[in-house]
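Accompanying notes for the structure given below.
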Amino acid sequence: MKKTEGGVTAPRGFLAAGAAAGIKKNQKDMAMIYSRKPCRAAGTFTKNLVKAAPVKWDQEVVYEGGTVQAVVVNSGVANACTGKEGYDCCLETARKAALELNLTYDQVLVASTGVIGAQIPVEKIKKGIEMMVPLLSESREAGEMAAEAIMTTDTVKKEIAVSFELGGKTVTLGGMCKGSGMIHPNMCTMLSFLTTDACISKEMLQKALSASVEDTYNMVSVDGDTSTNDTVLLLANGMAENPEITEEGEEYRAFLQALNQVNTCLAKQIAGDGEGATALFEVKVIGAAEKEQAVTLSKSIITSNLTKAAIFGHDANWGRILCAMGYSGARFDPDKVDLYFESAAGRLKIIENGVSTGYSEEEATRILSEKEVTAVADLKMGEASATAWGCDLTYDYVKINADYRS
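Under the numbering used here, residues 113 to 518 are what the sequence shown spells out, in order.
Now the structure itself:
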């Protein structure tokens, strides 16, 4: 497996476009993905009881429909808490895209991100579709335009692509995502769009995505808020012409490994670009008795506001980490825990068997001053482990979210 240039347009037969439709002022605010051939589709969605209209639409198309060939995305307005009018906008969007692309409306997925409660300016959406169809391209630049168009408070576009072998054929898997605030997936405002030219059954595609999400996007937290719009879509058009994957086995595992690599990279990009963040904060819990225990503990640490604030201050305040582990609900022996901080600046053991090692505060601060910082907690109970990703908590997070609508 190797990383390759590009994002959603890297696999064969996928085109993309981005445009400024006037939903946001002087910014790209609409994106489109289109496949030359019909795709099998898989999806995972927010578990928030309050679901945006596009989530409801996509769940119907993915879980109850047939093939998919296009995705239309807007930023600026979330189309959440918008009632029947919001759902009807999804239908109008799909019908307009279908008309312009010579598809049926149930082959079109839609997604939105932005302010909750505002109605979608549907005429601008339709105009945006008209603008994007002539711009659709398989080029690297077209994929970048789409990735930029779905950003809200993101500071950078987020893309990746990898290539690997399946059945003697070279297969490519690409993706783009957006997410910076309201990030605490439970399947942020998080949207992720994945494309592949692999030939794989719809059942195995969904199985792979559902499995991958648990260890990637669901291990990210910026602020503990689960969005109304969280959506991950995976489209496979089969144009690599590898033997179809219809069951678990070596080929399925290779596909899942590639999917995990793409999703892990995108998840870390979301965490590192958290609103106001200055550092990506990674937490590894090792030596656990079981995976569930490690997941619970790592997520408890990554969501601790006191710990996140300490990371911002480059302060090795390890008591906050042990405290977060203690209230997580997972059972472990605090008197056996070892804790390390590590970064590009080095690795330092902070506590051993639950007490301080007498470490150098200056060395700890130097390690914690890097842009990517990792805490490793060893429970010494078994062989299970889990990794979670988040970011530091800064003054700018409050500033961004205090006047988000204005």
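Yeah, the Cβ is synthetic: ideal placement off N, Cα and C, and Gly gets one too.
Query raised in the report: Nearest to Lys319 by alpha carbon, out of Asp327, Gly470, Leu368 and Asp309?
Result: That would be Leu368, whose Cα lies nearest to the Cα of Lys319.
Query raised in the report: When you compare each of Ile237, Cys503 and Leu491 to Glu464 by their alpha carbons, which one comes out closest?
Result: Among Ile237, Cys503 and Leu491, the Cα nearest to that of Glu464 belongs to Leu491.
Query raised in the report: How long is the line joining the alpha carbons of Gly458 and Thr477, rounded to whole angstroms?
Result: Those two C-alpha atoms are separated by around 11 Å.
Report task. Apply the 10 Å Cβ neighbour rule to Leu303 and answer buried if 16 or more other Cβ atoms are within range, or exposed otherwise. Result -> Buried: at least 16 other Cβ atoms inside 10 Å.
Requested in this report: Report the rounded CA-to-CA distance for Thr307 versus Val397, giving the unit in angstroms.
Outcome: Straight-line Cα distance between these residues: approximately 31 Å.
Query raised in the report: What does a CB cutoff of less than 8 Å around Thr340 pick up in its chain, not counting 5 residues either side in sequence?
Result: Thr158, Asn160, Val162, Lys163, Ala164, Val167, Ala190, Ala192, Cys193, Ile228 and Thr301.
Requested in this report: Have a look at Met299 and Asn330 and give me their C-alpha separation to the nearest angstrom.
Outcome: Annotation note: pLDDT 38 at Met299 (below 50); position unreliable, coordinate value reported separately. Rounded to the nearest angstrom, the two C-alpha atoms are 7 Å apart.
Query raised in the report: Hey, out of Cys311, Gly384, Val332 and Leu371, whose CA is closest to Ile357's CA?
Result: Answer by Cα proximity: Cys311.
**Report entry** Own chain residues within Cβ distance below 7 Å of Cys151, not counting five before or after
**Finding:** Cβ-Cβ distances below 7 Å link Cys151 to Thr179, Val180, Gln181, Leu347, Ala348 and Asn349 in the same chain, with the five nearest sequence neighbours on each side left out; the list follows chain order.
Query raised in the report: Is it a yes or a no for the segment 379 to 398 touching the segment 479 to 495, going by three-plus beta-carbon pairs under 8 Å?
Result: Output reads yes: the segment 479 to 495 touches the segment 379 to 398.
Query raised in the report: How big is the Cα-Cα spacing for Ala514 and Gly386?
Result: For Ala514 and Gly386, the distance between alpha carbons rounds to 15 Å.
**Report entry** 3 or more residues per run - each beta strand (DSSP E) lying fully within the segment 327 to 415
**Finding:** Inside the segment 327 to 415, DSSP marks whole beta strand (DSSP E) runs of 3 or more residues at positions 343 to 348 and 392 to 400, from first to last along the chain.
Requested in this report: Go ahead and pull the three-state DSSP assignment for Met437.
Outcome: Looking at Met437 - three-state DSSP - the assignment turns out to be helix.
Query raised in the report: Is the segment 233 to 249 close to the segment 168 to 177, with three or more CB pairs under 8 Å?
Result: No, the segment 233 to 249 does not touch the segment 168 to 177.
**Report entry** Alpha-carbon spacing of Thr205 relative to Asp427, whole angstroms
**Finding:** The alpha-carbon atoms of Thr205 and Asp427 are separated by roughly 49 Å.
Report task. Note down the Cα distance separating Ala53 from Glu404, rounded to an integer number of angstroms. Result -> Past the edges of the chain, shown from 113 to 518, lies residue 53, and the structure says nothing about it.
Query raised in the report: Between Thr282, Pro246, Thr419 and Asp445, which lies nearest to Gly399 when the distance is taken from Cα to Cα?
Result: Cα-wise, what sits closest to Gly399 is Asp445.
Query raised in the report: Who does Trp501 pair with in a DSSP beta bridge?
Result: The beta-bridge partner set that DSSP reports for Trp501 consists of Val332 and Glu394.
Query - Residue from Ser322, Ala223 and Ile413 with nearest C-alpha to Gly188 - result: Of Ser322, Ala223 and Ile413, the smallest CA-CA separation from Gly188 is found for Ala223.
Requested in this report: Give me the Cα-Cα distance between Gly119 and Ala500, rounded to the nearest whole angstrom.
Outcome: Taking C-alpha positions only, Gly119 is separated from Ala500 by approximately 24 Å.
Query - CB-CB length for Ala370 against Val332, believed under 8 Å - result: Not quite, the Cβ-Cβ distance comes to about 19 Å (not below 8 Å), so this is no contact.
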